[in-house]
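Residue numbers (the working numbering): 3 to 90. Built from N, CA and C at the ideal position, the CB exists for glycine as well. Since we're looking at a predicted model, the values are computed, not measured.
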């Protein structure tokens with residue numbers, strides 16, 4: 003399914019684009035909270051500290067992956083629309 007995000011009300015289109023990303027970030031937060039609860043309750047203080055320390059590293063990797071995703075999307079769209087423009 004291809005969604006044309008160039009047509010329609012901009013706020014509605016942006017929400018349709020943003021909501022899946024927000025949901026994925028919420029799941030990542032829930033995963034971190036669950037890790038913290040399990041580590042704090044069953045393993046100990048050191049494990050809880052390790053989970054807390056690794057969260058920043060996880061967020062750095064997610065930010066890099068998101069940046070690469072956006073950058074690659076821009077390049078792919080640029081080349082796709084160049085082909086359409088040249089052919090059209």
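Residue i (DSSP reduced to helix, strand or coil)
i: residue 69; result: helix
i: residue 1; result: This structure cannot speak to residue 1, because the chain is shown only from 3 to 90.
Candidates the options: closest to residue i by CA position
i: residue 41; options: 56, 28, 29, 12; result: 56
i: residue 4; options: 19, 11, 13; result: 19
Anticipated Cβ contact below 8 Å, residue i with residue j, distance rounded
i: residue 64; j: residue 30; result: 7 Å
* Can you give, in chain order, each stretch of the alpha helix (DSSP H) that sits fully within the region 12-76 and has at least 4 residues? -> 12-40
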